[in-house]
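Novice:
Residue numbers (my numbering): 1 to 601.
#1: Give a yes or no on contact between the region 429-440 and the region 479-496, applying the rule of three or more CB pairs nearer than 8 Å.
#2: For the alpha helix (DSSP H) holding residue 159, just list the boundary residues, first then last.
#3: For residue 440, count neighbouring Cβ atoms within 10 angstroms of its own Cβ and tell me buried if that reaches 16, exposed if not.
#4: Let me know the secondary structure DSSP gives residue 288 once reduced to three states.
#5: Could you work out which residue in 294, 454, 192 is closest to residue 166 when comparing CA atoms only?
#6: State yes or no: is the C-beta of residue 318 within less than 8 Å of the C-beta of residue 93?
#7: Report, in whole angstroms, the separation of the C-beta atoms of residue 478 and residue 255, which I expect to be a contact under 8 Å.
#8: Out of curiosity, what's the CA-to-CA distance linking residue 189 and residue 158?
#9: Within the continuous alpha helix (DSSP H) that includes residue 462, where are the two ends?
#10: Which same chain residues, not among the five before or five after residue 327, have their C-beta less than 7 Å away from its C-beta?
#11: Buried or exposed: residue 452, going by 16 or more other Cβ atoms within 10 Å of its Cβ?
#12: Starting from residue 359, follow the alpha helix (DSSP H) in both directions and report where the run begins and ends.
#13: When you compare each of 472, 403, 485, 68 to residue 366 by their alpha carbons, which one comes out closest?
#14: Take the Cβ of residue 530 as the centre, count every other Cβ of all protein chains shown within 10 Å, and call the residue buried at 16 or more, exposed below.
#15: Using three-state DSSP, classify residue 511 as helix, strand or coil.
#16: For the alpha helix (DSSP H) that residue 299 lies in, which residues bound it at each end?
#17: Within the chosen definition, does the region 94-105 reach the region 241-256 through at least 3 CB pairs nearer than 8 Å?
#18: Would you list the residues sitting across from residue 266 in a DSSP beta bridge?
#19: Under a Cβ-count criterion, where at least 16 other Cβ atoms within 10 Å of its own Cβ denotes burial, should residue 509 be classed as buried or exposed?
#20: Between the beta-carbon of residue 523 and the beta-carbon of residue 428, is there less than 8 Å?
#21: Taking all protein chains shown into account, decide if residue 474 is buried (16 or more other Cβ within 10 angstroms of its Cβ) or exposed.
#22: Within the continuous alpha helix (DSSP H) that includes residue 133, where are the two ends?
#23: Determine the burial state of residue 303: buried for a count of at least 16 other Cβ atoms within 10 Å of its Cβ, exposed for fewer.
#24: Could you give the C-beta distance for residue 194 and residue 488, rounded to a whole number, given that I count them as a contact under 8 Å?
#25: Is it buried or exposed, residue 417, if we count other Cβ atoms within 10 angstroms and call 16 or more buried?
#26: Compute the beta-carbon to beta-carbon distance between residue 214 and residue 77, rounded to the nearest angstrom, for a pair I have assumed lies under 8 Å.
#27: What whole-angstrom Cβ distance do residue 526 and residue 423 have, given they're in contact under 8 Å?
#28: Which parts of the region 372-431 are runs of the alpha helix (DSSP H), unbroken and 4 residues or longer, counting only runs that do not cross its ends?
#29: Do the region 337-354 and the region 501-518 make contact, defined as three or more Cβ pairs closer than 8 Å?
#30: Identify, in the order they occur along the chain, each residue of the same chain with its Cβ nearer than 7 Å to the Cβ of residue 73, setting aside the five sequence neighbours on each side.
#31: For the candidate residues 154, 129, 160, whose alpha-carbon lies nearest to that of residue 333?
#32: Report, in whole angstroms, the separation of the C-beta atoms of residue 107 and residue 178, which I expect to be a contact under 8 Å.
#33: How about residue 244 and residue 210: do their beta carbons lie closer than 8 Å?
#34: Quick check on the burial criterion: 16 or more other C-beta atoms within 10 angstroms. Buried or exposed for residue 344?
#35: Just verifying my parser: in three-state terms, what is the DSSP assignment at residue 274?
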């Protein structure tokens, strides 16, 4: 209309008209018709642009929402597997570096010629005693600060901090002095419990996350319903098995400095065991009569620096693995919520959790778990292995233990089909038979024909250790699925292990028969209390668990937009309502798995 009106009212210039008036009029009419034709073409151009925009911005014809969702959760599952493998690798590297360096340095410092020639005025023997004291005594206080440390830094960063302190311990051996070795030993003693507690919590969280990503459709459909209590048990079993299969290889990797470096300088057994009269059950203390000179030639300082640099590189690699490859265990808002319950509550909750009869009945099992791992590295390997085969075969004995423990950790997978107490009882039975055998057997000094029997005992001990440690971690994961409790539970477990290791450190001067008797008695008590616990769970006896306080939501800022802006009960464990139901304590419905009653039949 506007174009037509414009054509009719167009002013004419009389100076430009030279022909008859009809000609221009005809041209004007044609011009109006052309202008009228351009309006639909402009509309068509606009519609074409909108069509192209819709094609670019709108849903693609080939887009499959369900397929893309499957790809997304597949990537999430692969990320969880990557986290588990990375954490297992980091734990293996960290412990192998620590154990290998400590073993090498204790052997070097034991040799009196090495001490006199290289460090005559600094009393290395006294420093070594204080180093061992710092490593074994400091963890006794770990229960006071471990949960606070994990909640303050977060699970991943607590792991990273602990691995970094292990690397600091390695670096302190470049310059062996009292003011480098002893403080680093105290520091490493402080992070032993936080490291393994955060590792256990991390593997447990990965199992729960993997369950969520596998069953994401069910989570969407049944978001407001409780998940089955044993829903993620299969993933807990598999992930803990993977972790301990890798971790036990650290006993193998720790012997690399001994095999490839130190064995070139060690005397043969006829020299080192010349004054040894009794081995095994007849011995007292730590290998009495062992020669004070064990090195036939002193290693050059350059070679020692090369070995320590290789260990330092492995420790640094473990730090990088945790930093780069390990993802966060919790979402940022979940970590804030777990931290915001108050530091006083975080400090008290480990002690309050000990009122749960399930944990109290497992204390002897925790203690025995600490006894057996240190006994095989000290009492058995020295008073039986080295006494009969010589120091040069110590590494191979511990490698037999490590390989066996790594392979037999996979036996815990039988918990997918069998009742959960079977692997634990099988491991306890193997150790009981071996303890009775060691109690009755005293190998002859310097007699190599006993090597097959000693290697067999080491391998069988590794089998029992694998079933013990893997079974305990799986059991704790099955009993305590609520993510707000996991760091407290694993802290308690590893703290009791640390107390047991401290006890083994104190009894080093006892006769071997006394040590074996204490271990056998502890094992019998542990099995009895564990079966008693399973029987109480089967009878649905009420548990006494402390209430986890609700997060203290901030009233200003961007953190909380609504009262329920961050749902921390998204793990499907069905425990987020327990604070409303039980103002003082959570009881049977909170943490007692009803399916547990079927475990013993």
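Just so it is clear, CB atoms sit at the ideal spot from N, CA and C, and this is done for glycine as well. Here the structure is a predicted model, which means the values were calculated and not measured.
Specialist: Reading from the atomic positions:
#1: no
#2: 155-171
#3: exposed
#4: In the structure shown, residue 288 adopts coil according to DSSP, grouped into three states.
#5: 192
#6: For the 8 Å CB-CB criterion, residue 318 and residue 93 form a contact.
#7: Contact flag wrong, Cβ pair sits at about 34 Å.
#8: So the two alpha carbons sit approximately 15 Å from each other.
#9: 451-479
#10: 79, 83
#11: Within 10 angstroms of the beta-carbon of residue 452 lie fewer than 16 other beta-carbons, which makes it exposed.
#12: 357-375
#13: 472
#14: buried
#15: strand
#16: Element bounds for residue 299: n/a, residue is neither H nor E.
#17: yes
#18: According to the DSSP secondary-structure assignment, residue 266 is paired through a beta bridge with 295.
#19: exposed
#20: Going by C-beta atoms, residue 523 is nearer than 8 Å to residue 428.
#21: buried
#22: 124-137
#23: exposed
#24: Not a contact, Cβ separation roughly 13 Å.
#25: exposed
#26: Contact between residue 214 and residue 77 is confirmed by a C-beta separation of about 7 Å, below the 8 Å threshold.
#27: Actually they do not touch by this definition, with Cβ atoms about 14 Å apart.
#28: Within the region 372-431, the complete alpha helix (DSSP H) runs of at least 4 residues are 394-408.
#29: no
#30: 213, 216
#31: Measuring C-alpha to C-alpha distances from residue 333 to each of 154, 129, 160 identifies 154 as the nearest.
#32: At roughly 20 Å, the Cβ-Cβ gap does not stay under 8 Å, so residue 107 and residue 178 are not in contact.
#33: no
#34: exposed
#35: coil
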